[in-house]
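Add 7 to the 1-based position in the sequence shown for the numbering used here, that's all there is to it.
This report refers to the structure that appears directly beneath it.
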Amino acid sequence: MFQHMFASMNEMLDRIMDRYDDAGAQEKKQYEEQLTELKNVSDHFVEQWLEFEEKFAEFKERRSEPSSAQSASTAPAPAYSGYMNAEHELPVSGTASCNAADLMISDEAASIISKGQGYYKLFMFPQAATQFQSAIVLSPECNLARLFLGMTHMHLQNWNEAQRHFQLLIALTDFPKWLAMGYNALGCIQAIHLNLAQAELLFKKAHDVCPSFTEALSNLRSCQETPQQLSLYFGSTELCCL
Numbered sequence: 008m009f010q011h012m013f014a015s016m017n018e019m020l021d022r023i024m025d026r027y028d029d030a031g032a033q034e035k036k037q038y039e040e041q042l043t044e045l046k047n048v049s050d051h052f053v054e055q056w057l058e059f060e061e062k063f064a065e066f067k068e069r070r071s072e073p074s075s076a077q078s079a080s081t082a083p084a085p086a087y088s089g090y091m092n093a094e095h096e097l098p099v100s101g102t103a104s105c106n107a108a109d110l111m112i113s114d115e116a117a118s119i120i121s122k123g124q125g126y127y128k129l130f131m132f133p134q135a136a137t138q139f140q141s142a143i144v145l146s147p148e149c150n151l152a153r154l155f156l157g158m159t160h161m162h163l164q165n166w167n168e169a170q171r172h173f174q175l176l177i178a179l180t181d182f183p184k185w186l187a188m189g190y191n192a193l194g195c196i197q198a199i200h201l202n203l204a205q206a207e208l209l210f211k212k213a214h215d216v217c218p219s220f221t222e223a224l225s226n227l228r229s230c231q232e233t234p235q236q237l238s239l240y241f242g243s244t245e246l247c248c249l
């Protein structure tokens, strides 16, 4: 598993290195975000490796000392903290506005979503989509999986599938941030299809339901001020906080 993950990380880094110099300002910004995430993942594994080396060295030292070995046998085992576990977090702000479907996730679905989040943060979107789709098949009422799946399809430029999932999301959730992300993503899809009037309405709706979601206003200004060169933010970075 780790060999495959690091191979994918190296492939992504090679691709960024090849394309970075010729990229536009918006593409460079996306590449910078990807580089930051790759570095974060790399740092995490380095920290885990150093922790393992330290524990392993301590254990070898205890084995060479009989009295220490005896006391070590009664010590509690260290708690495991894995990368995928760290990624599975639910929003804690605004939960009073969530309905049951927003927060009701079975252990099995949570495990699948956690794997999908790991792929998502590594920008391995086809693999992420497979995991989130499996979670929805298992728990069709799981709005968190649907939100991630919609965003994943946005990255894959599967506009019709993304639109379908965001339309379902805004019909099912009461959580303001998720509603805003849904309306905003739908506005981006309309803007991509040059339906700017409809896109502006959706961006305004996103701002109305959650004023703290600032990307909707940025997209609205882009439609109004520079419709020939749209710079759209569909809310993907917000998922790093979930």
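Even glycine gets a Cβ: it sits at the ideal position worked out from N, Cα and C.
Just so you know, these numbers come straight off a predicted model, no measurement behind them.
Of the residues assessed, Ser146 falls on the buried side of the cut-off, its CB having 16 or more other CB atoms within 10 angstroms. By the neighbour-count definition (other C-beta atoms within 10 Å, threshold 16), Gln231 is an exposed residue.
Counting along the chain, no alpha helix (DSSP H) covers Ile112, and no H or E run does either.
In this structure, DSSP gives Tyr240 a state outside helix and strand, which the three-state scheme calls coil. In the DSSP annotation of this structure, the continuous segment of the alpha helix (DSSP H) that includes Asn191 starts and ends at Pro183 to Ile199. When the five nearest sequence neighbours on each side are left out, the beta carbons in the same chain lying within less than 6 Å of the beta carbon of Ala223 are those of Asn191, Phe210, Ala213 and His214, in order along the chain. Annotation for Leu176: the continuous alpha helix (DSSP H) segment containing it runs Trp166 to Leu179.
Annotated three-state conformation of Gly31 is coil, per DSSP. The continuous alpha helix (DSSP H) containing Glu222 extends over residues Glu222 to Glu232. Gln236 and Pro218 have their alpha carbons spaced roughly 25 Å apart.
With respect to the C-alpha of Met158, the residue from Glu148, Gln124, Ala14 and Ala206 having the closest C-alpha is Gln124. Taking 7 Å as the cut-off, the Cβ atoms of Asn226 and Leu208 do not count as close.
Cβ contact annotation for Met131 (same chain, cutoff 8 Å, sequence separation greater than five): Ser15, in chain order. With contacts defined as CB atoms closer than 7 Å, Cys149 and Ile119 fail to qualify as a contacting pair.
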